[in-house]
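Under our numbering, the first residue of the sequence shown carries the number 58, and numbering increases by one thereafter.
Heads up, the thing below is written out as structure tokens.
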Amino acid sequence: YFNAMKYSQFLLGNTSSGIIEAASFGKYVINVGNRQLGRVKGKNVFDCEFESLSIQECVKKISILGSYKEENIYEGTNPAAEIMKITKSFIQ
């Protein structure tokens, strides 16, 4: 999967992998539909409706942009450590 992402131009779908990991590969994401609604998204994610015209418009935008060169907002996070820290604060 990661090898395919490495060589792709962008990611099209409604997967959390696009939102969380694609920026680390320098990829833009076309997030189709509302499955990921409410999830924090980086500047590399373009939301669109589940309809052909909306998807085509996003593809045109991304085709002009090239590779995504900004940071991955999820990179460097350690959810398990954060959960432990918060849990310990309630116990103490």
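Note that the Cβ used here is the ideal one computed from N, Cα and C, for glycine as well.
What you are looking at is a predicted structure, and each value in this text was computed from that prediction instead of being measured.
Residue from the options whose Cα sits closest to the Cα of residue i
i	options	result
Y85	C115, F67, T134	F67
K98	V116, I119, S74	S74
S111	L69, F59, A137, Q93	L69
Cβ-Cβ separation, residue j to residue i (assumed contact under 8 Å), whole Å
i	j	result
G90	N71	5 Å
F103	I87	5 Å
Y125	N101	4 Å
Sufficient close CB pairs (3 or more, under 8 Å) joining the region 78 to 86 to the region 123 to 138: With the cut-off at 8 Å, the region 78 to 86 and the region 123 to 138 touch.
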